[in-house]
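Student: The opening residue of the sequence shown carries number 553 in this note's numbering; numbering runs sequentially from there.
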Amino acid sequence: MFAITAALAGLGAVLAASAKLFQIMKYIGAAYLIYIGIKMWRSNSGPSTQVEMPQVPAFQIFRDTLLVTTFNPKGMLFFVAFLPQFVDQTQPVLIQFFILGLTFVTLGGVNTVFWVTMAGGLRKVVNGPNTLKRLNKVGGTGLLGAGIFTALSGRVG
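Encoded structure:
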């Protein structure tokens, strides 16, 4: 919802127009992805006979998600490019943007609930010896790769 609101409030257009600001946001986002990847790699989860899943405070999950979203300029540019295609300019635009944004967030929520439910079902498999440690290495590698790719990628458009 933050990315949609920021994009519609004009930040997406500013990012689209300012190559320097886009680059700054991109590098901050890339650095944060690399930081999270290193944090996952260094996690001490496993090996043991029974790995307790770490309890992560809801605020920390919210904060991390907000930071990744905030420093992902491509996400905001997506909304700037995508949403206006579905707006009828003869009707109130703000209401249409609200409905489109709410629809996107609702579908994202449904998608998240689906994957959380699937992950919950796999908890016994993941809770085995060394499995969580391997998953942290795979996830950390993915985040490191995404951060490096983001830092090295050129601007499209």
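Beta carbons: idealized from backbone N, C-alpha and C, even for Gly.
These figures come from a predicted structure and were not determined experimentally.
So Phe631 packs on Ala571, CB below 8 Å; how close in whole Å?
Tutor: As a position in the sequence shown, residue 631 is number 79, starting the count at 1. As a position in the sequence shown, residue 571 is number 19, starting the count at 1. Incorrect: roughly 19 Å between the Cβ atoms, too far for contact.
Student: For Lys578, is the classification buried or exposed, using 16 other Cβ atoms within 10 angstroms of its Cβ as the cut-off for buried?
Tutor: Taking the first residue of the sequence shown as position 1, residue 578 is located at position 26. Counting the other CB atoms within 10 Å of its CB gives Lys578 a total of 16 or more, which places it among the buried residues.
Student: Excluding sequence positions up to five away, which residues of its chain have a Cβ less than 8 Å from the Cβ of Lys591?
Tutor: Numbered from its first residue, the sequence shown carries residue 591 at position 39. For Lys591, where only same-chain residues beyond five positions count, the Cβ hits under 8 Å are Gly692.
Student: Rounding to the nearest angstrom, what Cα-Cα distance links Val603 and Met670 in this structure?
Tutor: Sequence index remark: in the sequence shown, residue 603 carries index 51 (1-based). Sequence index remark: in the sequence shown, residue 670 carries index 118 (1-based). Caution applies to Val603, whose pLDDT of 49 falls short of 50 and renders its modelled position unreliable; the value that the coordinates give is listed next. Looking at the two C-alpha atoms, the distance is approximately 19 Å.
Student: Figure out for me which residue from Ala558, Leu573 and Leu585 has the closest Cα to the Cα of Ala698.
Tutor: The residue you call residue 698 lines up with position 146 of the sequence shown. Comparing Cα positions, the closest option is Leu585.
Student: How would you call Ile613, buried or exposed, if buried means at least 16 neighbouring beta carbons within 10 angstroms?
Tutor: Here residue 613 refers to the residue found at position 61 when the sequence shown is read from its first residue. Exposed, since its Cβ has fewer than 16 Cβ neighbours within 10 Å.
Student: Which term fits Leu618, buried or exposed, when burial requires 16 or more other beta carbons within 10 angstroms of its beta carbon?
Tutor: What you label residue 618 is simply residue 66 of the sequence shown in a count that begins at 1. Result: exposed.
Student: CB-CB under 8 Å to Val657, same chain, minus the five flanking residues each way: which ones, in chain order?
Tutor: Here residue 657 refers to the residue found at position 105 of the sequence shown. Hits under 8 Å: Met553 and Ile556.
Student: If you draw a straight line from the C-alpha of Ala583 to the C-alpha of Ser705, how long is it?
Tutor: Counting from 1 along the sequence shown, the entry for residue 583 is found at position 31. Counting from 1 along the sequence shown, the entry for residue 705 is found at position 153. Rounded to whole angstroms, Ala583 to Ser705 spans 13 Å at the Cα level.
Student: Quick one: measure Cβ to Cβ for Gly589 and Leu696, integer angstroms, because I've assumed they're closer than 8 Å.
Tutor: The residue you call residue 589 lines up with position 37 of the sequence shown. The residue you call residue 696 lines up with position 144 of the sequence shown. Yes, Gly589 and Leu696 are in contact; Cβ-Cβ is about 4 Å, under 8 Å.
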